[in-house]
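Numbering (our numbering), first residue to last: 1 to 201.
Pasting the structure below:
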């Protein structure tokens, strides 16, 4: 297995790896049909074995602090947002995610970034992985999927007469169990930060 920069010819393998790695997670329906392209500079890495993409990591790099990432109490310089981090399910547990992150940390430091930011849903295995890598939990809010017809109508009323919303995806910043209990599918979304001066490379 080798970790190297992403190349355009990796796109199909990248998409396949991402879809399969998310299949049994709270992000199971977050399907991309093509790889994201970035306007800002990015660190785009793949882990490849026998010509197959078995892991991936994308970091979008800030030129100006705050243009992509959230504020941090101890870092005022530019940061990088981890938008995609995935390991093919047949290859999980072999250190591939850690190898991708180590390479990304080295590249982020060389670009002058002070920290990395990542968001993940309520998956305890993933959260523990971030914590083992030195990330610190900074914030959290709720991803709420609203599919019940009356709730959708109540929340998503608009001024376009021929549009009938059938589902709503929303961010809920509160913690009221009565509100959360009204919806079939909710996920706690956690923000983790890695301050690069503290990170192992």
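Note that beta-carbon positions come from the ideal geometry of N, C-alpha and C, so glycine has one too.
Exposure label - residue i; buried when at least 16 CB within 10 Å
| i | result |
| --- | --- |
| residue 13 | buried |
| residue 155 | exposed |
| residue 24 | exposed |
| residue 2 | exposed |
| residue 135 | buried |
| residue 90 | exposed |
| residue 181 | exposed |
| residue 162 | exposed |
| residue 115 | buried |
| residue 159 | exposed |
| residue 120 | buried |
| residue 77 | exposed |
Simplified DSSP assignment, three categories, for residue i
| i | result |
| --- | --- |
| residue 3 | strand |
| residue 10 | helix |
| residue 121 | coil |
For residue i, the residue or residues it bridges with in DSSP
| i | result |
| --- | --- |
| residue 207 | Since the first residue of the chain shown is 1 and the last is 201, residue 207 is not available in this structure. |
| residue 195 | 115 |
| residue 189 | 141 |
| residue 44 | 58 |
Minimum Cβ-Cβ distance from residue i to chain C less than 9 Å
| i | result |
| --- | --- |
| residue 169 | This model lacks chain C altogether; it includes just one protein chain. |
Integer-rounded CB distance, given that residue j should sit under 8 Å from residue i
| i | j | result |
| --- | --- | --- |
| residue 62 | residue 51 | So it is not a contact: roughly 34 Å between Cβ atoms. |
| residue 140 | residue 102 | Residue 140 to residue 102, Cβ: 26 Å. No contact. |
| residue 236 | residue 146 | Because the chain spans 1 through 201 in this model, residue 236 falls outside it and cannot be assessed. |
| residue 187 | residue 157 | Contact flag wrong, Cβ pair sits at about 25 Å. |
| residue 85 | residue 93 | Rounded, the Cβ-Cβ distance is 15 Å, inconsistent with contact. |
Runs of alpha helix (DSSP H) wholly within the region 46 to 119 (minimum 4 residues, chain order): For the region 46 to 119, whole alpha helix (DSSP H) runs of length 4 or above, ordered along the chain, are 96 to 110.
Alpha helix (DSSP H) runs wholly inside the region 137 to 179, at least 4 long, in chain order: With a minimum length of 4 residues, the continuous alpha helix (DSSP H) runs that stay inside the region 137 to 179 are 149 to 155.
Inside the region 9 to 40 only - alpha helix (DSSP H) runs reaching at least 4 residues: Correct list: 11 to 22.
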